[in-house]
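Here the protein sequences come in this chain order: V and E.
So for the first sequence, this note's numbering puts the first residue at 82; every next one is plus one.
So for the second sequence, this note's numbering puts the first residue at 4; every next one is plus one.
Just so you know, even glycine gets a beta-carbon here, dropped at the ideal spot from N, CA and C.
Scroll down for the structure; my scribbles are underneath it.
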Amino acid sequence: MPSIRIGESEIESQPGETVLAALLRNDIEVPYSCRSGVCQTCTLRVLEGQVAPKAQVGLKETLRTQGYFLSCVCEADQDMVVAHPGADVVNRVAAVVAEKRVLNSDTLLLELYTTGQFDAAPGQFLHLRRPDGLIRSYSIADYAASGAGSRIGLHVRRLPGGAMTEWIHDVLAAGDSVEIGGPAGACFYVPGRPGQSILLIGTGSGLAPLWGIARDALMRGHEGQIALYHGSWTSPGLYLTHELSELAELHPNFKYYPCVDCRREGEAEHLREGRVDKIAFGDLADLKGWRVFLCGHPDLVAAARRRAFLSGASMTEIHADPFVLSTPAKSA
Amino acid sequence: MSESAVSLYDRIGGARAMDAAVDLFYRKVLTDERICHFFDDVDMERQAAKQKAFLTMVFGGPNNYTGLDMRKAHAHLVARGLNDSHFDAVVENLGATLKELGVGDADIAGIAGIAESARNDVLGR
């Protein structure tokens, strides 16, 4: 009989039995509702083994590629290792600070090198662990395999009184070691539909995943329109403006719109004035068939998600990681 | 199996067709001023999954929902004033969704009947 391992438990499944049924029969708690592969309540993640495509119908592409599946319509016909969706299944590797670079007055680029393998996609997030055990999550803005390890770039915005961000800004130096865990999150580019239009909206250091996703898409030869709207209260809160403008010159299908709530006197006309989401949805009234990525303040993300959906984007095409938010709750 | 015994769920394309149906239906519900306030604080992704389960049920697809599930799921909304007029609005949106999907009038009437059978459970009576 095939075995199913979840956490510390290992059970045997019976012929014709679903993964959900096998786990429940063994008193292993899995939340569930419809038992028909529809409501997604019983979603699990497969770490070892295969699941049939029918067990992933309706899940987002970014979740499917990570092995998420609906346990109520998946039979275990071979040995499997599975995990609850929120379970800590991440690997941990040591990383060394290569460089700290100023992006704007309160945001810096933290560049890390890992010597061990750390597979991730730009737009996902990782957990950064300080030697005393404090852990905070940051979105991956840059990712590249480098020898046996990886090179990773994070955007760290200083938050007044934020224990981790103040330490990163004031204490952490090139050559220092940290530990990172992960990656996690479903906000990243999945190739396969190169002609699709992509909309990215973010505020503050919510630019980090969007920058990563846009560059990843362009690097992989995405041909459809990619529109990135980055918002800030005033222009000093924007960053990477030069690099993004250059990217737009290099790729005709990439458009970059820096937006500020308050334009200062004499500021260039290309700086759009208004709330970033209002500007974006004003430009793009019909989002049918679009892929949408949202990052930033939770209120902005919630409002933009609704608006994107009502403008025609399919629910499974709207990506916003609840953790990929540049809020004090995450990084304070 | 005779043609007529194939459920509408299978005829319109099964689980995959439900994604398109949910998008249409949820969009109508969110823009309907009579009922959209019930959805203000919900997690949109979870809500969409629930609506897919609901549509799968009324289309005659696989489901294991019981009257008790319906009661439990809507009890907090009944406490906020959910009543017959809101239920009617949802059924109306459902009908409009089906029409857009090209479902025939006879099938729409049948589906409305299935939805109707859940009225008392949903409204906690």
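- Residues of the stretch 64–98 of chain E with a C-beta less than 8 Å from any C-beta of chain V: 64, 65, 66, 67, 68 and 72, listed in chain order.
- For residue 199 of chain V, not one C-beta of chain E is nearer than 8 Å to its own C-beta.
- Taking a contact to require three or more Cβ pairs closer than 8 Å, the stretch 310–317 of chain V and the stretch 237–245 of chain V do not qualify as touching.
- Taking every protein chain shown into account, the CB of residue 54 of chain E has 16 or more other CB atoms within 10 angstroms, so this residue is buried.
- Unbroken alpha helix (DSSP H) stretches of 4 residues or longer found wholly inside the stretch 68–102 of chain E: 70–82, given in chain order.
- Contact between the stretch 214–225 of chain V and the stretch 188–203 of chain V is present, with at least three C-beta pairs closer than 8 Å.
- For the pair of segments examined, the stretch 93–111 of chain E was found not to touch the stretch 65–78 of chain E: the number of CB pairs separated by less than 8 Å stays below three.
- When rounded, the separation of the alpha-carbon atoms in residue 327 of chain V and residue 296 of chain V is 12 Å.
- A distance below 8 Å separates the beta carbons of residue 118 of chain E and residue 94 of chain E.
- Closer than 8 Å to the CB of residue 19 of chain E there is at least one CB belonging to chain V.
- Contact annotation: in the stretch 115–129 of chain V, residues whose CB is within less than 7 Å of a CB in chain E are 115, 116, 117, 118, 119, 120 and 121.
- In the assembly as shown, residue 135 of chain V is an exposed residue. Its beta-carbon has fewer than 16 other beta-carbons within 10 Å.
- Closer than 8 Å to the CB of residue 152 of chain V there is not a single CB belonging to chain E.
- A Cβ-Cβ contact shorter than 8 Å links residue 258 of chain V with residue 177 of chain V.
- When only Cα atoms are considered, residue 31 of chain E and residue 175 of chain V end up about 50 Å apart.
- Residue 66 of chain E counts as buried, since at least 16 other C-beta atoms from the protein chains shown sit within 10 angstroms of its C-beta.
- Within chain E, no C-beta atom comes nearer than 9 Å to that of residue 97 of chain V; the closest sits roughly 16 Å away.
- Residue environment for residue 363 of chain V: exposed (fewer than 16 other C-beta atoms within 10 angstroms of its C-beta).
- DSSP places residue 270 of chain V in the coil class of the three-state scheme, outside both helix and strand.
- Between residue 117 of chain V and residue 153 of chain V, the CB-CB gap stays under 8 Å.
- Taken residue by residue, none of the stretch 174–197 of chain V has a beta-carbon sitting less than 8 Å from a beta-carbon on chain E.
- Of the other Cβ atoms in all chains shown, fewer than 16 fall within 10 Å of the Cβ of residue 216 of chain V; this residue is therefore exposed.
- None of the residues of the stretch 227–238 of chain V has a beta carbon lying less than 8 Å from any beta carbon of chain E.
- Contact of residue 26 of chain E with chain V by beta-carbon distance below 7 Å involves 395 and 396.
- A contact between stretches requires three or more CB pairs, one per stretch, nearer than 8 Å, and the stretch 339–347 of chain V fails this requirement with the stretch 364–371 of chain V.
- Residue 166 of chain V places its beta carbon 8 Å or farther from that of residue 269 of chain V.
- Beta-bridge partners assigned by DSSP to residue 339 of chain V: V:311.
- Taking the C-beta atoms as reference points, residue 157 of chain V is found nearer than 8 Å to residue 83 of chain V.
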